[in-house]
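Chemist: One structure, as structure tokens, below. Some questions next.
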Amino acid sequence: MKMRKIEMGAMEPDMTPMIDIVFQLLTFFMIAISFESTKADERVKLPVDTLAKPPVVKPEHELVLNFGYQRHPSGERRKSRPEVFYNERYVDVYDIAPELEQEKRVMERVHGQNIIKDVTVLIRADSEIPMGLVQELIRKCQDAGFSKFSLRATSEEA
Numbered sequence: 002m003k004m005r006k007i008e009m010g011a012m013e014p015d016m017t018p019m020i021d022i023v024f025q026l027l028t029f030f031m032i033a034i035s036f037e038s039t040k041a042d043e044r045v046k047l048p049v050d051t052l053a054k055p056p057v058v059k060p061e062h063e064l065v066l067n068f069g070y071q072r073h074p075s076g077e078r079r080k081s082r083p084e085v086f087y088n089e090r091y092v093d094v095y096d097i098a099p100e101l102e103q104e105k106r107v108m109e110r111v112h113g114q115n116i117i118k119d120v121t122v123l124i125r126a127d128s129e130i131p132m133g134l135v136q137e138l139i140r141k142c143q144d145a146g147f148s149k150f151s152l153r154a155t156s157e158e159a
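For the sequence shown, the working numbering gives the first residue as 2, with consecutive numbering after it.
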């Protein structure tokens with residue numbers, strides 16, 4: 002009995018699972034990047050400035066304070082006074098001291114007693130907030146022991 006030789010071609014792997022994995026990873030990283038910017042509260046309409054640039058190096062320890070107005074979906078203000086959006090609550094700038102003290106205690110417990118000098122307070126203030134109230138928020142932070150501050154704005158291109 003004579004046997005015929007069967008020619009075997011090169012096996013091509015099925016690329017469908019690989020493409021699925023790539024799209025899932027892509028989706029994951031897009032969502033992860035969005036979660037990184039969750040501190041960027043949409044309720045705060047940042048001021049626009051030609052000199053605004055993203056930070057070169059992100060601070061190792063930061064406390065983000067979003068300072069703005071409660072607004073209707075149409076953009077109209079619900080209240081005339083701005084508030085600090087802190088832990089899913091609205092806190093008046095003049096009543097923020099206890100929350101800042103608590104934040105300080107938690108940071109010291111987690112990172113050590115001298116951490117406060119390394120913490121940068123990132124203030125994202127709405128463009129319509131009077132500068133005097135932003136200065137009051139900075140003063141309250143200083144009273145709590147924070148000394149480094151960064152203010153956010155958007156560039157005209159954004």
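For each residue, glycine too, the CB sits at the ideal point set by N, CA and C.
1. Is E8 helix, strand or coil by DSSP?
2. How big is the Cα-Cα spacing for Q114 and L152?
3. Identify the continuous beta strand (DSSP E) that holds I124 and give its terminal residues.
4. DSSP three-state call for E63: helix, strand or coil?
5. Can you have a look at E84 and say buried or exposed, based on whether 16 or more other CB atoms are within 10 angstroms of its CB?
6. To the nearest angstrom, how far is the alpha carbon of Y70 from that of D21?
7. In the DSSP output, which residue or residues are listed as bridge partners for R90?
8. Is the Cβ-Cβ distance between P60 and T121 less than 9 angstroms?
9. What three-state label does DSSP hand S38 in the structure shown?
10. Taking Cβ positions, are N88 and E102 nearer each other than 9 angstroms?
11. Looking only at its own chain, which residues have a Cβ that is under 6 angstroms from the Cβ of I97, when we skip the five neighbours before and after it?
12. Can you grab the Cα-Cα spacing for the pair P18 / Q25, in whole Å?
13. Buried or exposed, going by whether 16 or more other CB atoms sit within 10 Å of the CB of D15?
14. Cα-Cα, which of E63, V94, I34 is closest to A126?
15. Can you give the beta carbon distance from H150 to I124, rounded, assuming they're within the 8 angstroms contact cut?
Modeler: On the basis of the supplied data:
1. coil
2. 25 angstroms
3. 120 to 126
4. strand
5. buried
6. 43 angstroms
7. Y87
8. yes
9. Note that S38 scores 48 on pLDDT, short of 50, meaning its location in the model is unreliable and no value can be drawn from it.
10. no
11. V85, K141
12. 10 angstroms
13. exposed
14. V94
15. For clarity, residue 150 is Phe in the given sequence; the question names His instead. With 8 angstroms as the limit, F150 and I124 qualify as a contact, their Cβ atoms being about 6 angstroms apart.
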